[in-house]
Structure formats: structure tokens, C-alpha cells
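Novice: Okay, here's the structure, questions in a sec.
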Amino acid sequence: MDDGISLAHFVRGVILLGGTVVLQALSQSGLARVSTALPMRHVSHRSPLWLAYVVACVLVLMLGHILQVLLWAVVYFHMGELGSFANCIYFSLASFTTVGASELVLSPAHRIAGALEAAAGMLMFGWSTALLVQVVQRSEGR
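Whatever position you read off the sequence shown (first residue = 1), add 148 for the numbering used here.
In C-alpha cells:
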């Protein structure tokens, strides 16, 4: 790999991808617990209880995404990137959501991590969307 990107940096990124997937799987497990604890099959989707249930499901998944962003931010910080932990969180969130943080840039040796995080973020948000669709369909008895 060119421009200072080594196999070790790539492997670190792949390991972070694995950690991101594990956190997403744990979020899915948390979502399953909410679904089991609060069965909504016979509750009208117009009911405030149903709305509270959907909000709880979204919050479980958002907590998972926050933990995923923090995982990447901690690694950026320990790599000595971006100056402060706050910058690492901001960069991680911008990368994870694929918005990008044009004012913050990883060093050439570590820039592959930002690209891998963006790819992971797209996949994790897609996964969460699929889970939420399933929650709504199941609660409506489909």
C-alpha cells in the first residue's frame, strides 16, 4: 500500500470494523429484549404505548451507534490523531454518518481508518433501518 498506509493500519481498521459489528449485534440483542419485554402485537399503532415502544427501540439502536462512534474515537485518540478527544469524537461521528469533517484530517498513515469507518457507518445504519422496519411490521402483525 502506498503513501504510508501499511498493512498494520489496514488490519487495525478491519479489527475496528469487527468491533463495530459486535456492538451492532449487541444493539440488536438489546432490541430483541425490548421487543420481548413489551409485546406490541395487539396494541394499536395509534396508541401512545406503541409510540413509546418505537421510541424505545430507536433509542436502543442509537445508543449502539453512539458506542460505535466512541470506539473509533478512542482509537483515533490513542493513535495521537486530531489533537483532542472532542475532535476525535467529532471526526468519528462525521465519518460514521458519511458527512465527513473537511476541517479535520487524519494523517496519511491513518486515513484508511476514516474511510473504513464511513463504510461501517453506512452498513450499520442500514442494518438498524432493517431492524426498525421489522419492529414496525411485527407490531402491526405482518
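C-beta: ideal position from N, C-alpha, C; glycine also.
1. Just verifying my parser: in three-state terms, what is the DSSP assignment at T245?
2. With 16 as the cutoff for other CB atoms within 10 Å, does E251 come out buried or exposed?
3. Let me make sure I understand the geometry here. Which of G231, F244, G262, H258 has the alpha-carbon closest to that of M210?
4. If you draw a straight line from the C-alpha of L165 to the C-alpha of V222, how long is it?
5. Please report how far the alpha carbon of M149 lies from the alpha carbon of I260, in whole angstroms.
6. In terms of residue numbering, what span does the alpha helix (DSSP H) encompassing S232 cover?
Specialist: Looking at the coordinates:
1. coil
2. So E251 ends up on the exposed side.
3. F244
4. In a straight line, the C-alpha of L165 is about 14 Å away from that of V222.
5. With a pLDDT of 43 at M149, under the threshold of 50, the predicted position of this residue should be treated as unreliable, though the coordinate-derived value follows. So the alpha carbons of these two residues sit roughly 11 Å apart.
6. Counting along the chain, S232 falls outside any alpha helix (DSSP H), and DSSP gives it neither H nor E.
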